[in-house]
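One structure is given below, encoded as structure tokens.
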Amino acid sequence: MTADNRARVAEERGAVDRLSNLPINAIQNIIGRMPIRDAARTSILSSKWRYFWAEYPEVVLDEQFYAEIMRNNSPNFFRTEYVNKVNGILFQHLGPILKFVLDIPELYSTQYSSIDQWLLFVSRKDVTELILHNRSPNPYKVPCYAFSCPKLAYISVTKCIFSAPNSEGFFGKLTHLVLETVTFQFSVLNLPQLVQLELKNCFGIQLLCVSTPSLRILNLLDNDDLDLSYYITCKDLEEVCIGLSDGVEHDKLDKNITLTKLLGCWPELECLYLNGSFLKHLAAGDIPQRLPIDQVNSLISLTQFRITYHCAEIACILCLLQSALNLSELEIWADKQIIYDEKTVSYLKEPGLMKQSFKGLQTVIMQMFKGSTSELLLVKLLLACSPSLERMCIEENQDLDPIDRLNTSKELLRFSRASPKVEVIFQPGN
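Counting from 1 along the sequence shown, just add 269 to a position and that's the residue number in my numbering.
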């Protein structure tokens, strides 16, 4: 062996020794940053590394994982190869699996039994975080035992059929539940420790019964129905987002839910997100000029989205601005279409509105601004009635006509000159 070869061998041995001598937490950090197939390959680096990947407590079989298998196999062999790969990874794993992420590709229906087996296996591995995303157009029914681990703290499920287990003792430590495009079968959920609940674009909401006494964050967006009776008793709520989908029939909703009654149930509420359709539902009854101060004393941020500038929407917004003395930030996202409403224009032109005071308001953000008469009148009102206002940022709708943009800019410049202490920014949309 030449001197050069001996030096190279010594250098390679030194590199291996350095890998072997890395602290355990450093090795775990390296493995945690790798896709799982690459992590498995680290077993050849040294004897110390041989089982680290198999003992790593997080198994992430995401879209990147199955996309690589798809690239290396023909469509006819991909599904079988995918199932074999996942079987190999899971059944070689040693120790607990605290986090399990599974993105489900399009499989044969006969292969769904393999997914059931994977979830059964993981449920016995002390899993605390379970994330299931169905990327297939075909529905997958999550078996009840997938949620049987008593240590589960975080669940996120997308595009699946959901049926909760009937046995008591499930979900005792669950703190976060995120369900999107989920179809419910009859489910009774007792979630004593739940802090955050998100239901987005779900179906069969009327089949879901929940108890969430510790809830702090609630997101109900674009579901096929809305039932707030389970949540109005959650006195610790700090953040609420409610958005009605266009398909929900307002006459079937609870008519007893008004703006006053709803906010009276949540005295700790700090951040409120409501869409235009739900505002109209709240405004079906009388809209007070003010709410009792103790109902909204904690409210500091208000976001209204998919707003059409209907008179009822504007009345609700102004009521909240007048009532919540600590409300410092207002954000309004306009809907794709704003229909000219003479009633809204007349309402915003009423002289009495200029006598209102939005004392706490410091920041206003308006998105998808189209320069309609209603929008401009609201800007003028906010500038005139907000003594603490510091900054107003208006982002135009990207499809705004150049002539409309010019006219809108002129109007906003005129308004800003009347309120020199406020920084008014008018910027292009993304």
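We put the CB at the ideal spot given by N, CA and C, even for glycine.
Return helix, strand or coil for residue i, following the three-state DSSP convention.
{"i": "V447", "result": "strand"}
{"i": "L458", "result": "strand"}
{"i": "Q573", "result": "strand"}
{"i": "T787", "result": "Nothing about residue 787 can be reported from this structure: the residues present for the chain run from 270 to 699 only."}
{"i": "C418", "result": "coil"}
{"i": "E398", "result": "strand"}
{"i": "C413", "result": "helix"}
{"i": "Y381", "result": "helix"}
{"i": "Q564", "result": "helix"}
{"i": "K618", "result": "coil"}
{"i": "Q558", "result": "coil"}
{"i": "L388", "result": "helix"}
{"i": "F453", "result": "strand"}
{"i": "F440", "result": "coil"}
{"i": "E324", "result": "helix"}
{"i": "L551", "result": "helix"}
{"i": "L239", "result": "Look at the range of the chain in this structure, 270 to 699, and you will see that residue 239 is not part of it."}
{"i": "L541", "result": "strand"}
Give every residue of the same chain whose Cβ lies closer than 6 angstroms to the Cβ of residue i, excluding the five residues on either side of it in the sequence, and list them in chain order.
{"i": "G640", "result": "D673 and T677"}
{"i": "G364", "result": "E324"}
{"i": "S685", "result": "V693"}
{"i": "A433", "result": "S456 and L458"}
{"i": "V479", "result": "L458 and Y499"}
{"i": "A581", "result": "K549 and A552"}
{"i": "F472", "result": "T452 and D493"}
Please classify residue i as buried or exposed, where buried requires at least 16 other C-beta atoms within 10 Å of its C-beta.
{"i": "K428", "result": "buried"}
{"i": "V545", "result": "The amino acid at residue 545 is misidentified as Val; the sequence shows Gly. Buried."}
{"i": "Q591", "result": "buried"}
{"i": "M637", "result": "buried"}
{"i": "K690", "result": "exposed"}
{"i": "D610", "result": "buried"}
{"i": "K649", "result": "buried"}
{"i": "A593", "result": "buried"}
{"i": "M623", "result": "exposed"}
{"i": "I576", "result": "buried"}
{"i": "I556", "result": "buried"}
{"i": "S392", "result": "buried"}
{"i": "E241", "result": "Because the chain spans 270 through 699 in this model, residue 241 falls outside it and cannot be assessed."}
{"i": "G512", "result": "buried"}
{"i": "L543", "result": "buried"}
{"i": "F706", "result": "One cannot answer for residue 706 here, as it falls past the ends of the chain, which runs 270 to 699."}
{"i": "L336", "result": "Sequence inspection shows Ala at residue 336; the Leu mentioned does not correspond to that position. Per the 10 Å Cβ criterion, exposed."}
Please go through the same chain and pick out, in chain order, the residues whose beta-carbon is closer than 8 angstroms to the beta-carbon of residue i, but skip the five residues on each side of it.
{"i": "N470", "result": "E449, T450, L490, D491, N492 and S514"}
{"i": "K420", "result": "D395, V396, T397 and K442"}
{"i": "T502", "result": "P482 and C534"}
{"i": "S378", "result": "N407"}
{"i": "I583", "result": "T613, Y616, L617, S643 and L647"}
{"i": "C588", "result": "L528, I556, P557, Q558, R559 and L560"}
{"i": "P412", "result": "D385, L388 and L389"}
Go through its chain and collect everything with a Cβ distance to residue i's Cβ below 7 angstroms, but skip five positions before and after it.
{"i": "L645", "result": "E680"}
{"i": "E657", "result": "Residue 657 is actually Ser in this sequence, not Glu. Closer than 7 angstroms at Cβ, skipping near neighbours: K628, G629, L630 and Q631."}
{"i": "L506", "result": "L484, R485, L487, W535, E537 and L538"}
{"i": "F347", "result": "I338 and M339"}
{"i": "C585", "result": "L528, L548, L551, A552 and I556"}
{"i": "I313", "result": "The pLDDT assigned to I313 is 38, lower than 50, so where the model puts this residue is not dependable; a value taken from the coordinates is nonetheless given after this. Excluding residues within five positions, none has a Cβ falling inside 7 angstroms."}
Compare the C-beta of residue i against all C-beta atoms of chain D and say whether one is closer than 9 angstroms.
{"i": "D493", "result": "Judged by its chain identifiers, the structure shown contains no chain D, having just a single protein chain."}
Please indicate yes or no: does the CB of residue i lie closer than 8 angstroms to some heavy atom of the ligand PLP?
{"i": "L590", "result": "By its list of ligands, the structure shown contains no ligand whatsoever, and the ligand PLP lies outside what it can speak to."}
Give the list of continuous alpha helix (DSSP H) stretches no shorter than 4 residues that lie fully inside the stretch 580-615. Runs of the alpha helix (DSSP H) lying entirely within the stretch 580-615 and spanning at least 4 residues, in chain order: 580-592.
List in chain order: all unbroken beta strand (DSSP E) runs of 3+ residues lying wholly within the stretch 626-695. Within the stretch 626-695, the beta strand (DSSP E) runs of at least 3 residues that lie entirely inside it are, in chain order, 632-638 and 660-665.
Let me know the beta strand (DSSP E) ranges lying completely inside the stretch 478-534, each 3 residues or longer, listed in chain order. Within the stretch 478-534, the complete beta strand (DSSP E) runs of at least 3 residues are 486-490 and 508-512.
Any chance the stretch 593-610 sits against the stretch 556-571, with 3 or more Cβ pairs inside 8 angstroms? The stretch 593-610 vs the stretch 556-571: in contact.
Contained beta strand (DSSP E) runs [length at least 3] in the stretch 328-379, N- to C-terminal order: Secondary structure in the stretch 328-379: the beta strand (DSSP E) runs of 3 residues or longer, each lying completely within the stretch, are 368-373 in chain order.
Taking contact to mean 3 or more Cβ pairs, one atom from each stretch, closer than 8 angstroms, check whether the stretch 345-365 and the stretch 381-395 are in contact. Output reads yes: the stretch 381-395 touches the stretch 345-365.
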